[in-house]
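Chemist:
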Amino acid sequence: MFSIQQQLPRLPVPSIEQTLDKYLKSVRPLLSDEEYNQTQTIVADFAKDPGPKLQEMLLKKAETTDNWLADWWLHVAYLGFRMPVVIHSSPGIMFPFQDFQDEQGQLRFAAKWISGVLSFKKLIDDQTLPIETLGGQPLCMIQYYRILSSCRVPGAKHDSVVQFPADSPNPPRHIVVIRNNHFFSLDVYGQNGKPLNVDQIHKQLMRIVDKSEHPTPHVGILTTENRNTWGSAFKRLIKNKTNKATIEEIQHSIFAVCLDKPMEHTEPGRREAMSAKQMLHGGGSQWNSGNRWFDKTLQFIIGSDGACGLNYEHAAAEGPPVAFLLDHVMDYVKNVPEDLAPASGIADPKKLKWDLSPDTLEDIKKAEEDIDMMVEDLSLSTLHFRGYGKDFAKSQKLPPDAFIQVAMQLAYYSLYNKPPATYESGSTRRFQLGRTDTIRSCTIDSTNFSKAMQDNSVSKQEKADLLRKAVNAHRKYTTEVVSGQGIDRHLLAFKLLAVENGMNVPELFMDTAYTTSMNHQISSSNVSAKTEAVLCFGPTAPDGYGVCYNPQPKQVIFAISAFNSCKETDSDMYAKSLAKSLTDMHDLLLQTSGSKL
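Position 64, counted from 1, in the sequence shown is what UniProt numbering calls 64; the numbers after and before it change by one each time, with no gaps.
(1) Alpha carbons only, please: which of Gln104, Lys469, Ser285 and Asp570 is nearest the one belonging to Glu368?
(2) Helix or strand or just coil, what does DSSP make of Thr242?
(3) Tell whether a beta-carbon distance below 8 Å holds between Tyr477 and Arg430.
(4) Can you say whether Tyr447 is buried or exposed, counting buried as having 16 or more other CB atoms within 10 angstroms of its CB?
(5) Is the beta carbon of Leu107 less than 8 Å from the beta carbon of Gln396?
(6) Looking at Ser275 and Ile201, is the spacing between their C-beta atoms short of 8 Å?
(7) Could you check how far apart the C-beta atoms of Met374 and His281 are, in whole angstroms? I think they sit under 8 Å.
(8) Could you give the DSSP three-state label for Arg99: helix, strand or coil?
(9) Helix, strand or coil for Asp445, going by three-state DSSP, please let me know.
(10) Can you grab the Cα-Cα spacing for the pair Trp287 / Ser457, in whole Å?
(11) Could you please give me the residues that DSSP links to Leu356 through a beta bridge?
(12) Looking at C-alpha atoms only, which residue of Phe294, Leu30, Pro130 and Gly426 is the closest neighbour of Gly319?
(13) Which residues share a DSSP beta bridge with Thr34?
(14) With DSSP as the reference, identify every bridge partner of Asp260, one or two as the case may be.
(15) Specify the secondary structure class of Thr297 as computed by DSSP and reduced to three states.
(16) For the alpha helix (DSSP H) that His281 lies in, which residues bound it at each end?
(17) Looking at the structure shown, is Thr64 part of a helix, part of a strand, or coil, going by DSSP?
(18) On the criterion of 16 or more Cβ atoms from any shown chain inside 10 Å, does Asn564 qualify as buried, or is it exposed?
(19) How big is the Cα-Cα spacing for Ile487 and Ser289?
(20) Quick one: what does DSSP say Glu225 is sitting in, helix, strand or coil?
(21) Near Leu196, what residues of its chain come up, given a Cβ to Cβ distance below 6 Å and the 5 sequence neighbours on each side ignored?
(22) How is the alpha helix (DSSP H) around Pro400 delimited, first residue to last?
(23) Which stretch, first to last residue, makes up the beta strand (DSSP E) that contains Ala70?
(24) Nearest-angstrom Cα distance between Gln143 and Asp455?
(25) Using a threshold of 8 Å, state whether the C-beta atoms of residue 605 and Lys296 are closer than that.
(26) What first and last residue would you give for the alpha helix (DSSP H) that runs through Leu499?
(27) Could you tell me the distance, in whole angstroms, from the CA atom of Gln18 to the CA atom of Thr438?
(28) For the beta strand (DSSP E) that Asn526 lies in, which residues bound it at each end?
(29) For Thr443, which residues of its own chain have a beta-carbon under 6 Å away from its beta-carbon, when the five flanking residues on both sides are left out?
(30) Sorted by chain position, which residues of the same chain lie with C-beta nearer than 8 Å to Glu462's C-beta, five sequence neighbours on each side aside?
(31) Name, in chain order, the residues that DSSP records as bridge partners for Lys351.
(32) Would DSSP call Val482 helix, strand or coil?
(33) Reducing DSSP to helix, strand and coil, say where Phe385 ends up.
(34) Measuring CB to CB, does Thr512 end up less than 8 Å from Leu69?
(35) Identify the residues that DSSP records as bridge partners of residue 630: which are they?
(36) Less than 7 Å between C-beta atoms, sequence neighbours within five positions excluded: which residues of the same chain meet that for Thr133?
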């Protein structure tokens with residue numbers, strides 16, 4: 001799997017002229033004429049000084065590293081990010097509901113799921129996972145190597161990540177199972193080195209259930225806190241040897257499995273949205289937020305009511321590798337191999353112990369209050385748009401992702417009569433250690449189309465032409481981003497280099513254009529999966545929306561989040577506007593081209 005790693009090209013450094021030119025075009029729809037004129041002057045000044053000096057520094061760094069962005073991005077976007085990972089960073093993924101008749105159904109499914117993840121782990125360990133490609137070009141597969149046997153570790157001002165790969169000394173042989181806030185270490189390999197089969201795992205889970213009937217303090221809820229707060233609480237917690245040993249066992253585990261109690265679905269017809277929240281934040285202190293360890297890279301969540309999914313800590317990977325793992329495991333669960341030989345020499349599950357001081361009990365109480373406020377503030381809606389799916393966009397010779405993004409622009413403009421600064425995650429995995437760059441979905445062309453759709457004097461044919469132009473502009477920007485020619489990470493490098501070298505932060509980064517374009521009213525991600533899985537995350541701006549979508553052939557599934565504390569945003573309202581925009585765009589193309597579905 002990693003044989004092509006060194007053959008992948010390094011992330012290129014775009015020219016400064018190209019980046020500044022594209023930057024000006026990208027901010028134009030967001031600014032008044034006066035603001036734009038000021039920005040043009042500031043950009044021209046930056047192009048003279050200190051831009052060229054910073055570009056030279058960056059080119060030198062690019063010569064001596066496999067990826068000039070990788071370390072910066074890990075530390076700035078993730079490990080240095082001090083807001084809670086819950087809602088603000090770690091996505092939840094909900095997969096189709098399971099029909100459990102009783103607790104045994106839950107445990108049986110969990111056993112199959114664990115077995116499926118172990119089969120995926122074998123592909124990674126043996127380096128036999130097929131190499132992914134995009135446009136015929138191989139992609140960096142390193143993220144697959146980081147999603148298992150890894151964990152984030154809180155620090156007072158900066159976090160770190162620990163990783164225990166299969167080729168490390170004493171690689172992990174256990175997972176952590178959390179039930180009723182109790183933590184257990186479960187060996188998933190026998191003494192003969194073979195993984196436990198489904199029946200053996202099922203029996204072990206039954207033992208765990210027997211030992212976890214009574215509630216216990218929510219130690220896991222500490223991981224929902226602001227990272228500085230959790231960093232301080234963590235220091236207090238690990239002063240005790242018992243706690244330190246328990247946390248090391250959690251950190252060293254391959255992954256975590258959370259056996260959840262059912263959440264109360266108070267709103268009729270919102271079971272799916274409630275379950276998505278369960279995957280994202282656990283529902284609060286009275287439900288399952290303490291039945292987690294949010295620092296763990298992969299936590300698979302299996303509720304006794306059939307609500308299932310996962311939560312993943314974002315420092316290790318983007319959504320697509322996790323979705324790929326999910327597809328593999330879902331297929332495995334449907335067709336579990338019958339010939340799995342039992343492992344021999346199986347250890348009993350080990351209950352992990354805590355010794356909680358009065359200070360830690362106070363920390364837990366505060367964390368319970370804080371997560372409950374966060375949960376109360378998050379509005380989350382799911383939308384199964386069944387009018388059509390990606391096949392329709394393809395039939396119109398338009399890329400589905402760009403088509404959906406233009407619909408999102410129209411939906412926002414229809415509500416607020418202004419274009420939204422928008423972030424779409426674009427993959428740079430064509431390059432060594434590639435992560436993402438920003439696709440700035442709000443363009444001059446998308447704004448022209450959105451405006452035209454509000455104007456009855458514009459003909460349908462003109463609107464259709466503007467729609468195609470907007471979609472193609474997005475396609476072009478996306479192609480540039482995945483080719484390493486995005487602008488946001490390049491600009492970030494300039495800012496970080498200035499700070500690292502004791503220079504003043506350039507005026508470009510203090511300007512209205514930069515702050516406006518970085519306050520994302522829409523933060524979005526396309527995470528395609530074979531199943532009706534839906535990924536969700538919180539907004540990245542107080543007045544913004546988080547929009548994730550899974551385009552399928554005949555439908556598109558969305559999860560839309562907003563903060564209740566912002567009176568202007570409403571996830572249900574945006575979902576309705578989005579459904580209308582998708583319908584209007586479909587009808588417009590059919591009315592002007594005569595195409596049939």
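Idealized CB from N, CA, C, for every residue including glycine. Computed from a predicted structure; not experimentally measured.
Modeler: This is what the structure gives:
(1) Nearest option by C-alpha distance: Ser285.
(2) Correct three-state label for Thr242: helix.
(3) In this structure, Tyr477 keeps its C-beta atom at 8 Å or more from the C-beta atom of Arg430.
(4) Here residue 447 is Thr; the residue named in the question, Tyr, does not match the sequence. Thr447 is buried by the Cβ-count criterion.
(5) Going by C-beta atoms, Leu107 is not nearer than 8 Å to Gln396.
(6) Contact flag unset, no.
(7) Their Cβ separation, rounded to whole angstroms, is 7 Å, which keeps Met374 and His281 in contact under 8 Å.
(8) One point to set straight first is that residue 99 is Asp, not Arg, in the sequence displayed. In the three-state scheme derived from DSSP, where H, G and I count as helix and E and B as strand, Asp99 is classed as coil.
(9) Three-state result, Asp445: helix.
(10) For Trp287 and Ser457, the distance between alpha carbons rounds to 53 Å.
(11) Paired residues: none, contrary to the question.
(12) Residue Gly426 is the option with its Cα nearest to Gly319.
(13) First, the amino acid is wrong: residue 34 is Glu here, not Thr. For Glu34, which the question treats as bridged, DSSP gives no partner whatsoever.
(14) Residue pairing of Asp260 in beta bridges, as defined by DSSP: Gly303.
(15) In the displayed model, Thr297 falls within coil according to three-state DSSP, outside both helix and strand.
(16) Start and end: Arg271 to His281.
(17) In the structure shown, Thr64 sits in a helix (DSSP, three-state: H, G or I).
(18) So Asn564 ends up on the exposed side.
(19) Rounded to whole angstroms, the gap between the alpha carbons of Ile487 and Ser289 is 38 Å.
(20) Looking at Glu225 - three-state DSSP - the assignment turns out to be coil, as it is neither helix nor strand.
(21) Val188 and Ala343, listed in sequence order.
(22) Boundaries of the alpha helix (DSSP H) harbouring Pro400: Pro400 to Tyr416, taken from the DSSP string.
(23) For Ala70, there is no enclosing beta strand (DSSP E); the residue is found in the alpha helix (DSSP H) stretching over Ala70 to Trp73.
(24) Each residue's alpha carbon lies about 46 Å from the other.
(25) In the structure as shown, the chain starts at 1 and stops at 597, and residue 605 therefore has no counterpart that could be examined.
(26) The sequence given here places Val at residue 499; Leu does not occur at that position. Its alpha helix (DSSP H) spans residues Asp488 to Glu500.
(27) Approximately 15 Å between the Cα atoms of the pair.
(28) Residues Ile522 to Asn526.
(29) For Thr443, where only same-chain residues beyond five positions count, the Cβ hits under 6 Å are Ala473.
(30) Ala452.
(31) In DSSP, Lys351 forms a bridge with Phe184.
(32) Three-state result, Val482: helix.
(33) In this structure, Phe385 counts as strand in the three-state DSSP scheme.
(34) No; because the gap between Cβ atoms is not below 8 Å, this pair is not in contact.
(35) Lying before the first or after the last residue shown, residue 630 is absent from the chain, which here runs from 1 to 597.
(36) Leu139.
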